[in-house]
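Structure first, then comments.
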Amino acid sequence: MQNDVIEADTSENSEFETYIREGERAALALPNRGPIRFDDDGNIHPEILSGFDKFGFYVLEGVLSRVELHDWEADLQVIRQNLPIHKDAQIDASGRPALGIDSIGPCLVWAKPLSDPLGGTTLSGGRHPVKMEEPAWETGMPEEIVYLIMGPLRYSDALLRISGHPHLLAIAEAINGKDFVPFNEAMWIKEPGLGSSTAWHQDGITHWSHPDWDQGIHGMTFQVLLYGSSGVNGLWVL
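This is the structure:
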């Protein structure tokens with residue numbers, strides 16, 4: 085299940101259009117993408133693990149079924165309809181108690197539309213060193229939007245099932261070993277024309293200066309996309 089591919093406006097910035105297309109071609113030429121594969125013993129295929137080790141990421145295609153994506157999308161619509169009408173509100177647009185108001189830990193994270201709330205700050209250990217370009221706020225936009233939901237498994241059975249997907253857990257086990265713990269689930273919402281941007285960063289900062297550092301010391305991150313992505317609206321990995 086994918087949305088329409090978002091195309092860049094070539095009249096606005098032809099150099100950026102060229103940059104995007106060159107990046108897409110380079111990414112698609114890499115051998116680190118494809119479906120989940122297993123060897124004859126039922127283990128994750130070693131080519132997937134070697135691709136992850138060599139390039140630092142692997143694009144797994146077709147992991148979730150259309151049913152799983154539909155269930156997630158349905159849950160997302162329920163979640164969005166239950167968001168507070170503004171940052172300090174206790175109710176949603178229908179007057180119901182808003183999602184997250186009774187959360188003990190972090191839940192909803194807000195930012196100005198089209199902003200980069202993390203780049204160039206000390207937040208998250210300062211791992212977003214450069215701030216992204218921020219388009220101007222326009223009349224009619226909300227003052228702030230929810231761009232991140234922490235602990236979304238509390239609010240979506242579909243996401244809980246995805247987090248326990250046996251193929252994803254098999255990959256986590258192949259990389260981390262059998263003794264691993266899933267943690268720090270979050271759902272980013274990047275609505276077209278409003279969503280915030282996310283500055284370049286590296287996940288995991290705890291062990292950057294560890295004397296016994298190795299490539300796998302930080303564990304690994306899964307990013308599961310509900311809608312389609314392209315060089316214009318998607319994740320860039322350098």
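For any residue, its number in our numbering is found by taking its place in the sequence shown, counting from 1, and adding 84. Just so you know, even glycine gets a beta-carbon here, dropped at the ideal spot from N, CA and C.
Secondary structure of residue i, DSSP reduced to three states
| i | result |
| --- | --- |
| L237 | helix |
| G248 | coil |
| I255 | helix |
| R109 | helix |
| I175 | strand |
| F306 | coil |
| G277 | coil |
| F122 | strand |
| S314 | coil |
| I104 | helix |
| D88 | Because D88 sits at a pLDDT of 43, beneath the cut-off of 50, its placement in the model cannot be relied upon, and the point is left open. |
| A242 | helix |
| S293 | coil |
| L202 | coil |
| G261 | coil |
| S208 | helix |
| S98 | helix |
Residue i - partner residues in DSSP beta bridges
| i | result |
| --- | --- |
| I229 | A195 |
| R117 | V143 |
| P181 | I175 |
Residue i vs residue j beta-carbon contact at 9 angstroms
| i | j | result |
| --- | --- | --- |
| L202 | H285 | yes |
| L144 | W156 | no |
| Q174 | I163 | no |
| P229 | G303 | It should be noted that the sequence gives Ile, not Pro, for residue 229. No. |
| N268 | G300 | no |
| G235 | A182 | no |
| A242 | A113 | no |
| M216 | A111 | no |
| I132 | I255 | yes |
Boundaries of the beta strand (DSSP E) in which residue i is found, first to last residue
| i | result |
| --- | --- |
| A220 | Taken as a continuous stretch (DSSP letters only), A220 belongs to no beta strand (DSSP E), as it is neither H nor E. |
| M216 | Segment: none, M216 is in no beta strand (DSSP E) and carries neither H nor E. |
| M271 | 270 to 272 |
- Item | Completely contained alpha helix (DSSP H) runs for the region 125 to 170, where each covers 4 or more residues | DSSP runs (the alpha helix (DSSP H)) wholly in the region 125 to 170: 130 to 139, 150 to 165.
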